[in-house]
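Worksheet: the structure to be examined is printed underneath.
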Amino acid sequence: MRVKENLIGAAIAFVLICGAGAIGANIVLKAMDSGDKTETTDTSESTVKAQPLHVPKVDFAADSTEGKAIAKIKEYHAAFDLKVTGGGLDNFKPENDKAWDEFLATEVFDAKNYEAFGKALTGVQGLQIDMNTLTELANIARKKHDPEALRFMHRILHDLDLYAFPNKDTVQRDYWGVTNTVPSGDNTNREELDKYLAATKTK
Numbered sequence: 588m589r590v591k592e593n594l595i596g597a598a599i600a601f602v603l604i605c606g607a608g609a610i611g612a613n614i615v616l617k618a619m620d621s622g623d624k625t626e627t628t629d630t631s632e633s634t635v636k637a638q639p640l641h642v643p644k645v646d647f648a649a650d651s652t653e654g655k656a657i658a659k660i661k662e663y664h665a666a667f668d669l670k671v672t673g674g675g676l677d678n679f680k681p682e683n684d685k686a687w688d689e690f691l692a693t694e695v696f697d698a699k700n701y702e703a704f705g706k707a708l709t710g711v712q713g714l715q716i717d718m719n720t721l722t723e724l725a726n727i728a729r730k731k732h733d734p735e736a737l738r739f740m741h742r743i744l745h746d747l748d749l750y751a752f753p754n755k756d757t758v759q760r761d762y763w764g765v766t767n768t769v770p771s772g773d774n775t776n777r778e779e780l781d782k783y784l785a786a787t788k789t790k
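Heads up: the sequence shown begins at 588 in the working numbering, then just goes up one per residue.
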């Protein structure tokens with residue numbers, strides 16, 4: 588009888604633990620899913636439904652110049668995820684010098700790095716244009732403390748990381764369609780970026 592009670596107790600404990608684990612996993616997955624979708628608390632932000640018109644075919648060794656450049660692009664995307672997604676962009680009010688000074692001091696705003704990535708990946712169609720755009724946005728961020736520049740930098744790096752240069756562990760989601768490297772047939776977000784750049788270009 589005691590053995591039967593112990594087995595029933597163990598079964599109940601197992602079900603409770605597994606249930607709690609599943610709930611916890613769901614919470615983590617939902618947080619991951621929502622973390623990269625919007626940079627602000629504005630829920631009107633939307634990704635494009637289309638898939639890229641074409642993606643680069645690359646197979647660079649991790650320790651090659653090209654592989655290192657791609658690894659850096661992925662690092663920069665992670666840095667922007669940390670700072671601007673899940674409503675983080677709301678911290679970057681133009682007058683919030685502390686937030687700006689801290690972020691602008693990092694290497695993700697160094698134009699020389701984007702120039703180096705362009706040179707390293709000359710064989711990747713459209714990438715040089717995207718590096719030029721990132722450089723222009725970094726200049727706007729530095730000179731004007733405009734959070735929109737951060738939003739667009741994040742989206743370009745996001746599409747490059749997850750769609751231009753995915754690896755075996757990449758989960759593709761939230762395609763913005765704002766790059767030349769992995770362009771979209773739906774130009775809504777790209778047109779928004781182009782209008783912003785035309786209105787905000789720095790000298």
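Heads up, the beta-carbon is just placed ideally off N, CA and C, and yes, glycines get one too.
- Secondary structure of residue 770 (DSSP, three-state): coil.
- Annotated three-state conformation of residue 639 is strand, per DSSP.
- In this structure, residue 743 lies away from residue 758, with their beta-carbon atoms at least 8 Å apart.
- Across the structure, residue 710 and residue 674 are spaced so that their CA atoms are roughly 36 Å apart.
- For residue 750, same chain residues with a beta-carbon under 7 Å away, outside a window of 5 residues either side, are 639, 642, 759, 762 and 769 in chain order.
- Ranked by Cα distance from residue 635, the first of 776, 738, 782 and 785 is 776.
- In the three-state reduction of the DSSP assignment, residue 668 falls in the helix class, which pools H, G and I.
- Of the residues assessed, residue 693 falls on the exposed side of the cut-off, its CB having fewer than 16 other CB atoms within 10 angstroms.
- For residue 732, same chain residues with a beta-carbon under 7 Å away, outside a window of 5 residues either side, are 681 and 687 in chain order.
- Here DSSP, grouped into helix, strand and coil, assigns residue 750 to helix.
- Across the structure, residue 654 and residue 754 are spaced so that their CA atoms are roughly 12 Å apart.
- Burial is judged here by how many other beta carbons sit within 10 angstroms of a residue's own beta carbon; residue 748 has at least 16 and is buried.
- Residue range 714-731 is occupied by the alpha helix (DSSP H) that includes residue 715.
- Rounded to the nearest angstrom, the Cβ distance from residue 783 to residue 752 is 25 Å, too far for a contact under 8 Å.
- In this structure, the alpha-carbon of residue 668 lies about 10 Å from that of residue 662.
- DSSP places residue 662 within a helical segment (H, G or I) once states are collapsed to three.
- The three-state reading of DSSP puts residue 699 in helix, counting H, G and I together.
- One thing to note: residue 656 has its Cβ within 8 Å of the Cβ of residue 704.
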